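Undergrad:
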Amino acid sequence: MSRRRRSRLTEITDRQRTELVQRALQARERAYAPYSKYRVGAALLTESGEVFEGVNIENAAYPAGICAERSAVFGAVSSGQRTFRALAVATQNGGTPCGSCRQVLAEFGLDTLVLIVDAGGQVVAETTVHDLLPKAFGQDSLGLR
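The numbering of the sequence shown is my numbering, which starts it at 1 and goes up by one.
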């Protein structure tokens, strides 16, 4: 867990935390992973309090699939949400988001809280996007800020 002081956006209530974990676990059950059998569910809490779920969706043409984390982010952004407070990611063994998902999450905020959950519902790690992807490539890298 990050020891640095959390911003307002990374603070969530116990109720929100429980809901995110449960919704990520429920989403995981709907994942489409016939090839790897590695099902992932995600639940993303927006600043407005709305929760978007995502699942990994595999495809026989492997690059055509999508991860649960990006599925949740893209759904939220498609609905007009762009500021996120927390993300819960549920996998069989408490695996962390891949590099592509970390980069997409970084685009929308480095202070987003990330809860890593195993199949039993145990939070095995609590971190931030910044801690998952230090020195992230972003608007600063392009000279846009």
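All C-beta atoms in this analysis are idealised placements derived from N, C-alpha and C, irrespective of residue type, glycine included. Values in this document were obtained by computation on a predicted structure and should not be read as measured data.
Could you tell me the boundaries of the alpha helix (DSSP H) in which residue 19 lies?
TA: Here the alpha helix (DSSP H) through residue 19 covers 14 to 28.
Undergrad: Look up residue 109 in the DSSP assignment and say whether it is helix, strand or coil.
TA: Looking at residue 109 - three-state DSSP - the assignment turns out to be coil, as it is neither helix nor strand.
Undergrad: Assign residue 91 to one of two classes, buried (16 or more other C-beta atoms within 10 Å of its C-beta) or exposed (fewer than that).
TA: With 16 or more other Cβ atoms within 10 Å, it is buried.
Undergrad: Which two residues bound the contiguous beta strand (DSSP E) that contains residue 126?
TA: Where residue 126 is concerned, the enclosing beta strand (DSSP E) stretches over 123 to 128.
Undergrad: Going by DSSP, what residue range makes up the alpha helix (DSSP H) through residue 74?
TA: Per DSSP, residue 74 belongs to the alpha helix (DSSP H) from 68 to 78.
Undergrad: Tell me the residue span of the beta strand (DSSP E) that contains residue 84.
TA: Taken as a continuous stretch (DSSP letters only), the beta strand (DSSP E) holding residue 84 covers 84 to 90.
Undergrad: Using 10 angstroms around the beta-carbon of residue 44, count the other beta-carbons present and answer buried if the total reaches 16, otherwise exposed.
TA: Flag for residue 44 reads buried.
Undergrad: For residue 53, report the span of its beta strand (DSSP E) as first-last.
TA: Run containing residue 53: 51 to 55, per the beta strand (DSSP E) assignment.
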